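Remarks on the structure that follows.
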Amino acid sequence: MTPLQLLFLGVFGLAAVWFGWRVFRTKSMVRSALSLLAAMVALGGMFLALDAEFLGVLQIMMMAGEMSIMAFFMMMYMMDPGGMSSMNMTHQQRPAAAVGIGAGVLVLALALLTPWPPAQALAPSATQQNHDLGIELMTRSMMIFETAGTSILVAMIAAVATALAYPQQPD
Amino acid sequence: MENPLTLLVVLLLFGGGVYALAVLEYWSVAGQLAWGRPARLVLHLLLQEEIRPRQSDTVLYETAPVLFLAAAALAAAVLPWSADAPLLGLATGALFVNAAFAYVMVAMLMGGWAVNGVYAMLGGWRFLGQLIAYSMPLVMALTATVMRAESMLPARIVTSQLALWNIVYQPIGFGLFYLAALALAFLPPFDFPVAAGELAGGVWAEFTGTRLLLFRLGRLLLIMTLALAVTVFFLGGWQGPWLPGFAWTFLKTLLVAASFFGVGRYLPRLRYDQLLEWSWKYATPAALVNILWVGILLLL
Amino acid sequence: MALTICLSIAAVLFGIGLYGVISQTNLVMIMMGVELMLAAAMLNLVAFWRLLHPHTYALQLFVLVVMTVMALEAAVGFALATQRFRSRGSVEVEEAADLKENA
């Protein structure tokens, strides 16, 4: 990993953490969803800095659509999408903070105290990665991907069926 | 990085193309070629008084035009102009183009929400509905071209069309990509987000001055980028007999862009739910059939 | 060094996501917290792929599956929110005590 890559990793990482924190601290709902989008884009940037070009670009592309739809649903279902009044939309803040900090510290301790093997310096080039990922998908992991495809289809049908408005049955 | 002279030529051609598109847009509306009009409009918008809506969302208000322009420019940066000007040859170029186009939608959403106006907000959310409609055919048509080239590198996709251009090899894919490109650039008949008659100007209604200039310039850049994408992915890019590569790219791009402006004027404006019905009932199965078609052709 | 940076950023993001899930009352905000947690997991996976096993593409496939799961749970979650909003008029989990026993 070159020093430039490390620098990008650090900068994008701090940006992801800051935007992720702003998600739950800002009052405006649409700003909250777009802040999550910024956090995801920073994460995609980290993927790009880690030489995973396909995954980085895929993350950036998918999250644009997903977070926009989340912003849309927030505007539809929440009471104060513009954040103009000062409602408190949280509950059990102390236990939540305790659990969040506890889990974060636990994972951090695990990450820092485990003796990891030495880091590999070189990664395959992007074209090689695309080719090999495709081969892996089509040969060894074909079953996994087909299952993922079927589950996407099932989820789509389930979501549409759940959200349908049935006419009121006469009781 | 290639020769800086080719880079300069590419930038000049791109700028000239965007100016020509501005003239073409007015020609498709008024029927006359006014060559000086875009320059006058730029000056007018730069000198216009900046009217800020009350209680607008400041961060999103400032970010939206810049993001719009940046997304269109980023998408243009990965498309090659000739064999020795591949610009930013990313190994996942075809996917990157899609990603950049998705942020055009995010910028319009931001712009619609930030100005604290009902019609602007409706225009922004309706553009999201349009994205759900055009996104699938766009990506699947591109996937079929990537299948033929066996690589996502845009230069490789162009060289794979040496024997036969993709417009002949996969005509369904070309048709779907063309229509999806029209919907992406919210050109008529898909111009719901900025509908002049229906939504009182839609998303752009509350922007004035430099920001509106960035939006309009960004949209022309987007149309140029989309025409360039159609050229690179379906019309064989820089391939052609006598002229140098980038001249052929330029000519094909201008032709496609002129057709973008001319085609839609004959249809009434399509609502986003009609567009959604078209997309999910007819266009996505057609895109799947296209992928099957390309697969069969490749295996034969 | 890179592994430390990536794993600690992922740990912090996971903590923030968990805080969001437990402290927010609105279903959509809870889903945003879950998305953050899944994103932290993806970051871990990509860091492990790049720095420990750059030639094992099964890890990249894992990331793709996690991305799929993110999209799926968002879709089904929004469908549930839609139906809940239609029948009760709000998606607050504080008011979703219909099945709760009294005392």
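Protein chains in written order, with the working numbering: chain B, 431 to 601; chain R, 788 to 1087; chain C, 9 to 111.
No residue lacks a Cβ here, since even glycine has one placed at the ideal position from N, Cα and C.
On a predicted model such as this, the values are computed, not experimentally measured, just so you know.
Could you give the distance in angstroms between the alpha-carbon of residue i and the alpha-carbon of residue j?
i: W1035/R; j: L540/B; result: 58 Å
i: G880/R; j: P873/R; result: 11 Å
i: I989/R; j: G899/R; result: The sequence given here places Gly at residue 989/R; Ile does not occur at that position. Taking the straight line joining both Cα atoms gives about 8 Å.
i: A485/B; j: S498/B; result: Per the sequence shown, the amino acid found at residue 485/B is Leu instead of Ala. The straight-line gap from Cα to Cα measures roughly 20 Å.
i: K1068/R; j: A920/R; result: 10 Å
i: A894/R; j: F979/R; result: 15 Å
i: V101/C; j: T1040/R; result: 53 Å
i: Y1053/R; j: N34/C; result: 46 Å
i: S947/R; j: V926/R; result: 19 Å
i: L799/R; j: F1037/R; result: 11 Å
i: G474/B; j: L480/B; result: 10 Å
i: M519/B; j: S98/C; result: 13 Å
i: S815/R; j: A859/R; result: 22 Å
i: W991/R; j: P433/B; result: 43 Å
i: G876/R; j: V884/R; result: 12 Å
i: L1075/R; j: I1083/R; result: 12 Å
i: M788/R; j: A1016/R; result: Legend: pLDDT at M788/R = 48, less than 50; position of this residue unreliable, value from coordinates given subsequently. The straight-line gap from Cα to Cα measures roughly 21 Å.
i: Y507/B; j: G85/C; result: 13 Å
i: Q550/B; j: L59/C; result: 5 Å
i: G996/R; j: A10/C; result: 45 Å
i: R1056/R; j: Y906/R; result: 17 Å
i: E993/R; j: V981/R; result: 11 Å
Identify every residue that forms a DSSP beta bridge with residue i.
i: T520/B; result: Q32/C
i: E100/C; result: N34/C
Along the chain, where does the alpha helix (DSSP H) that runs through residue i open and close?
i: I838/R; result: Taken as a continuous stretch (DSSP letters only), I838/R belongs to no alpha helix (DSSP H), as it is neither H nor E.
i: Y906/R; result: V905 to A936
i: Q558/B; result: A556 to M568
i: A807/R; result: P791 to A817
i: S1046/R; result: G1032 to V1050
i: G450/B; result: P433 to V453
i: P958/R; result: P958 to L971
i: L1079/R; result: T1071 to L1086
i: E1064/R; result: Y1059 to E1064
i: E109/C; result: Unbroken run through E109/C: none, as it is neither H nor E.
i: Q941/R; result: Residue identity differs from the one stated: residue 941/R is Pro in this sequence, not Gln. P941 to T946 is the span of the alpha helix (DSSP H), which, as asked, contains P941/R.
i: A589/B; result: M572 to A593
Please indicate yes or no: does the CB of residue i lie closer than 7 Å to some heavy atom of the ligand SAH?
i: Q558/B; result: The model depicted lacks the ligand SAH and carries no ligand whatsoever.
| said: Could you tell me which whole alpha helix (DSSP H) segments of length 4 or greater appear in the region 842 to 901 of chain R? | reply: 845 to 864 and 880 to 901
| request: Closer than 8 Å, Cβ to Cβ, to anything on chain B: give me those residues from the region 862 to 890 of chain R, in chain order. | output: For the region 862 to 890 of chain R, which is checked against every Cβ of chain B, the residues closer than 8 Å are L877, A878, T879, L882, F883, N885, A886, A889 and Y890.
| field | Contained alpha helix (DSSP H) runs [length at least 4] in the region 472 to 515 of chain B, N- to C-terminal order | value | 483 to 507
| Within the region 60 to 88 of chain C, ranges of the beta strand (DSSP E) (whole runs, at least 3 residues) | Here no run is fully enclosed.
| said: Against chain R, which members of the region 472 to 490 of chain B pass a CB distance test of less than 7 Å? | reply: E483, F484, V487, L488 and I490
| said: I'd like the ranges of any alpha helix (DSSP H) spanning at least 4 consecutive residues and lying wholly in the region 978 to 1014 of chain R. | reply: none
| field | Residues, ordered as in the chain, of the region 544 to 557 of chain B that lie near chain C by beta-carbon distance below 8 Å | value | W546, P547, A549, Q550, L552, A553 and P554
| Listed in chain order, which residues of the region 458 to 469 of chain B have Cβ atoms closer than 9 Å to some Cβ of chain C? | M459, S462, A463, L466 and A469
| field | Short-range partners of chain B found in the region 35 to 51 of chain C, where Cβ spacing is below 9 Å | value | L35, V36, M37, M39, M40, G41, E43, L44, A47, A48, M50 and L51
| task | Compile a chain-ordered list of the residues in the region 490 to 504 of chain B whose CB is closer than 7 Å to at least one CB of chain C. | result | Those would be M492, E496, M500, F503 and M504, in chain order.
| query | Using Cβ-Cβ distances below 8 Å, what residues of the region 830 to 864 of chain R are close to chain B? | reply | Q842, D844, V846 and L847
| task | For the region 556 to 588 of chain B, enumerate the residues whose C-beta is nearer than 7 Å to any C-beta of chain R, in chain order. | result | A556, T557 and N560
| For the region 83 to 104 of chain C, which residues have a CB atom closer than 8 Å to at least one CB atom of chain B, in sequence order? | Within the region 83 to 104 of chain C, the qualifying residues are A83, V84, F86, A87, L88, A89, T90, Q91, F93, R94, S98, V99 and E102.
| message | To be precise: take each residue of the region 446 to 457 of chain B, compare its Cβ to all Cβ atoms of chain C, and keep it if any distance is under 8 Å. Which residues remain? | response | Per Cβ criterion, the list reads A446, V447, G450, W451, V453 and F454.
| message | Output needed in chain order: residues of the region 66 to 78 of chain C with a Cβ under 8 Å from some Cβ in chain B. | response | A66, Q68, L69, V71, L72, V73, M75, T76 and M78
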